[in-house]
Structure formats: structure tokens, C-alpha cells
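*Asks:*
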Amino acid sequence: MTAAASPSAANLPAAPAQGEAPSEAFLDYLKAESQRLETATPDEILAWAHERFAPGLAIGTAFGPEGCLLLSLLPKLAPTTYVFNLETGYQFQQTLDLADRMAEKYSLKIDMLTPELTVPEYEALHGGPLYKTDPDRCCGDRKIKVLQRAAQGRTAWMSGIRRDQSPVRAKQPIVAWDRKFGLVKISPLANATKQSVWTRLLKEGVPYNPLHDQGYPSVGCWPCTQKAGEEGDERAGRWAGREKTECGLHTGMEVDGSGI
Numbered sequence: 009m010t011a012a013a014s015p016s017a018a019n020l021p022a023a024p025a026q027g028e029a030p031s032e033a034f035l036d037y038l039k040a041e042s043q044r045l046e047t048a049t050p051d052e053i054l055a056w057a058h059e060r061f062a063p064g065l066a067i068g069t070a071f072g073p074e075g076c077l078l079l080s081l082l083p084k085l086a087p088t089t090y091v092f093n094l095e096t097g098y099q100f101q102q103t104l105d106l107a108d109r110m111a112e113k114y115s116l117k118i119d120m121l122t123p124e125l126t127v128p129e130y131e132a133l134h135g136g137p138l139y140k141t142d143p144d145r146c147c148g149d150r151k152i153k154v155l156q157r158a159a160q161g162r163t164a165w166m167s168g169i170r171r172d173q174s175p176v177r178a179k180q181p182i183v184a185w186d187r188k189f190g191l192v193k194i195s196p197l198a199n200a201t202k203q204s205v206w207t208r209l210l211k212e213g214v215p216y217n218p219l220h221d222q223g224y225p226s227v228g229c230w231p232c233t234q235k236a237g238e239e240g241d242e243r244a245g246r247w248a249g250r251e252k253t254e255c256g257l258h259t260g261m262e263v264d265g266s267g268i
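Position 88 of the sequence shown, counting from 1, maps to 96 under the numbering used here, and the rest follow consecutively.
(1) Does the contact criterion of 3 or more C-beta pairs under 8 Å hold for the stretch 79-93 versus the stretch 29-46?
(2) For Met110 and His134, what's the separation of their Cα atoms in angstroms?
(3) What does the Cβ neighbour count give for Glu112, buried or exposed, with the cut at 16 atoms within 10 Å?
(4) What did DSSP end up calling Ile169 once you bin it into helix, strand or coil?
(5) Taking its Cβ as the centre, do 16 or more other Cβ atoms sit within 10 Å of Pro175, making it buried, or is it exposed?
(6) Are the CB atoms of Ala66 and Arg171 within a distance shorter than 7 Å?
(7) Which ranges would you report for the alpha helix (DSSP H) in the stretch 151-216 if only whole runs of at least 4 residues count?
(8) Mind checking Asn19: buried by the 16 CB within 10 Å criterion, or exposed?
(9) So, does the stretch 179-191 touch the stretch 73-82, judging by three or more C-beta pairs under 8 Å?
(10) Buried or exposed, going by whether 16 or more other CB atoms sit within 10 Å of the CB of Ser31?
(11) Can you tell me where the beta strand (DSSP E) with Val91 in it begins and where it stops?
(12) Sort Tyr139, Glu46 and Ala33 by Cα distance to Pro196 and report the nearest one.
(13) Please report the straight-line C-alpha distance between Pro21 and Gly228, rounded to a whole angstrom.
(14) Looking at C-alpha atoms only, which residue of Leu85, Asp119, Trp185 and Ser226 is the closest neighbour of Glu28?
(15) What would DSSP say about Leu116, mapped onto helix, strand or coil?
(16) Taking the beta carbon of Pro83 as the centre, do at least 16 other beta carbons fall within 10 Å, making it buried, or is it exposed?
(17) What's the C-alpha gap between Gln156 and Lys211?
(18) Grouping DSSP H, G and I as helix and E and B as strand, with all else coil, what is Gln222?
(19) Are Pro231 and Tyr98 closer than 7 Å when you measure CB to CB?
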């Protein structure tokens with residue numbers, strides 16, 4: 009690894025048990041590791057995460073280009089990582105097809121995690137599609153609660169978010185305590201760029217969602233995803249016409265003792 013050497017295993021502070029708050033020593037360790045890994049490559053960060061947190065390491069993906077790139081690296085760098093997708097029931101068919109393709113190409117077992125209620129049951133309960141009237145509640149029920157369930161028994165989870173995707177994500181650490189889910193959160197591509205991700209994706213022949221070629225810079229649930237221009241915030245097509253730009257998975261983390 010190009011970054012300064014990591015502390016030896018004997019000197020590592022213990023990760024908190026499930027449901028317990030992290031110690032100050034552990035938070036300090038995460039902060040130091042995050043700073044150290046600023047000069048590491050995504051591959052090195054992924055390998056570090058697996059060495060430090062497996063078998064309790066997971067990765068959540070919506071099969072964006074970043075997620076697909078990370079998934080393509082798992083067999084070599086982090087083979088025991090638990091892979092999951094939050095299958096809200098509202099994902100594009102193209103996304104579901106891509107999930108199958110990624111699983112086959114890279115021999116991955118991908119858990120498609122679903123909410124307790126099916127889409128018809130959920131909409132019947134709320135008198136119609138809740139994404140039209142209360143998208144925050146919809147995301148909470150069909151994403152946040154499902155990830156909270158997936159977090160049980162895990163120590164750390166990874167995501168493919170980048171700092172340059174939006175202002176909300178601009179301060180994303182590479183490693184931090186995620187208080188919302190009670191896990192360490194690792195973002196191997198935090199300091200990557202859109203161009204660097206796409207260049208590598210295409211060079212290495214990693215599959216990607218065809219909707220990206222049809223004017224969708226960011227792909228989520230179909231009711232809340234629209235086409236957007238090539239310039240500016242990549243999240244502009246999500247929840248268009250609303251102030252909402254995040255589903256809530258990547259907010260409310262612990263960074264230097266305060267939430268973002």
C-alpha cells in the first residue's frame with residue numbers, strides 16, 4: 009500500500025459489539041485510518057477493509073457504475089464480502105437485469121433484500137403510492153429499515169459514493185463510524201472522480217446500467233428517477249422538483265464527533 013503503514017493487528021482497538029457505541033479510541037482509529045487511506049488506491053482500500061473487517065464486511069449496491077466497479081474487484085481483493093441490494097420493488101428492470109449479469113460474470117452471491125410489505129401491500133396500506141406524497145417515509149420504510157436489518161451481525165459496510173457526486177457527499181470520509189446503522193462505513197471511491205470510474209469501468213469491460221447511455225446520470229427507483237443533463241450535480245435527476253437529493257443511506261454519519 010502506498011499509504012503509511014497501518015497499525016499492527018495487536019494494537020488495533022476493538023470494534024464495538026452490535027448495538028454498542030464505539031469507544032473514543034475506536035473513533036480516533038477510524039479517523040486516523042481514513043486520513044492515512046487518502047493516498048491509497050481504491051484497490052488498496054478494498055483490500056484493507058477485507059483484511060480488517062472480514063468476515064463481518066458487507067457492501068451495499070444499487071448497481072451504479074461505482075458499485076459495479078467495486079463488485080468486479082471483490083473476487084480478487086475481498087472474496088468473502090457479503091453483497092446486498094435494497095430491492096424496494098420500484099427498481100428499473102434494467103437494474104435487475106444488471107444484477108443478474110454481475111452475479112454471473114463475477115460469480116457473486118447477491119442478496120436482493122426486500123421490505124416486509126410488497127409494493128401492492130404497501131400502497132394499499134397508505135392509500136396509494138407513498139413516493140408521491142411522502143418520499144422520505146417511502147425511502148425510510150423500503151431502504152433504511154431494510155439496511156438496518158442487513159446490518160445485524162455485520163461490522164462494516166462499503167458503498168460506492170464519491171465526493172464529487174453532489175454537495176451533500178463532498179465531505180464523505182473514506183472511513184467513518186456510521187451511527188445510523190451501527191457499523192463502520194468505508195467508501196473506497198470517495199476521492200475518485202466520475203471520469204476515473206468510467207475510464208476504468210470501460211477499460212476493464214465491467215457491465216453497467218444501459219440507462220446511463222439514455223440520459224440518466226444516477227439510477228434509483230423508477231418513480232423518483234428522471235433524465236438529467238450531463239453537466240452539474242449527478243443527483244439532479246433524483247426526486248426532481250423536490251429539495252430531497254438523498255434517500256438517507258448516506259446521511260447522519262459520525263464524523264469527528266458530529267453528524268453530517
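Ideal Cβ positions, reconstructed from N, Cα and C, are used throughout, including at glycine.
*Replies:* Short version:
(1) Verdict: no, contact absent.
(2) Position 102 of the sequence shown, counted from the first residue, corresponds to residue 110. Position 126 of the sequence shown, counted from the first residue, corresponds to residue 134. Roughly 34 Å separates the two Cα atoms.
(3) As a first step, residue 112 is located in the sequence shown; it is residue number 104 there, counting from the start. Within a 10 Å sphere around the beta-carbon of Glu112 sit fewer than 16 other beta-carbons, which makes this residue exposed.
(4) Taking the first residue of the sequence shown as position 1, residue 169 is located at position 161. DSSP places Ile169 in the coil class of the three-state scheme, outside both helix and strand.
(5) Against the sequence shown, residue 175 aligns to sequence position 167. Pro175 should be labelled exposed.
(6) Numbered from 1 along the sequence shown, position 163 holds the residue referred to as residue 171. Numbered from 1 along the sequence shown, position 58 holds the residue referred to as residue 66. Not a contact, by the Cβ cut-off of 7 Å.
(7) For the stretch 151-216, the full-length alpha helix (DSSP H) segments reaching 4 residues or more read 153-158 and 202-211 along the chain.
(8) One-based indexing of the sequence shown puts residue 19 at position 11. By the 16-neighbour rule on beta-carbons within 10 angstroms, Asn19 is exposed.
(9) No: fewer than three Cβ pairs fall under 8 Å.
(10) Locating residue 31 in the sequence shown gives position 23, where the first residue counts as 1. If you draw a 10 Å sphere on the C-beta of Ser31, you find fewer than 16 other C-beta atoms in it, and that means exposed.
(11) For the purposes of this step, residue 91 is identified with residue 83 of the sequence shown, where counting begins at 1. Start and end: Tyr90 to Leu94.
(12) The residue you call residue 196 lines up with position 188 of the sequence shown. The residue with the shortest Cα to Cα distance from Pro196 is Glu46.
(13) What you label residue 21 is simply residue 13 of the sequence shown in a count that begins at 1. What you label residue 228 is simply residue 220 of the sequence shown in a count that begins at 1. Answer to the nearest angstrom: the Cα atoms are 37 Å apart.
(14) One-based indexing of the sequence shown puts residue 28 at position 20. Comparing C-alpha distances from Glu28 to each of Leu85, Asp119, Trp185 and Ser226 shows the shortest one belongs to Trp185.
(15) Within the sequence shown, the letter at position 108 stands for residue 116. The answer is coil: DSSP assigns Leu116 none of H, G, I, E or B.
(16) The residue you call residue 83 lines up with position 75 of the sequence shown. Here Pro83 is exposed: its Cβ has fewer than 16 other Cβ atoms, across all protein chains shown, within 10 Å.
(17) Sequence index remark: in the sequence shown, residue 156 carries index 148 (1-based). Sequence index remark: in the sequence shown, residue 211 carries index 203 (1-based). Rounded to the nearest whole angstrom, the CA to CA distance from Gln156 to Lys211 is 35 Å.
(18) The residue labelled residue 222 in the question sits at position 214 within the sequence shown. When secondary structure is reduced to three states using DSSP, Gln222 falls in the helix class.
(19) Numbered from 1 along the sequence shown, position 223 holds the residue referred to as residue 231. Numbered from 1 along the sequence shown, position 90 holds the residue referred to as residue 98. Yes, Cβ-Cβ distance for Pro231 and Tyr98 is below 7 Å.
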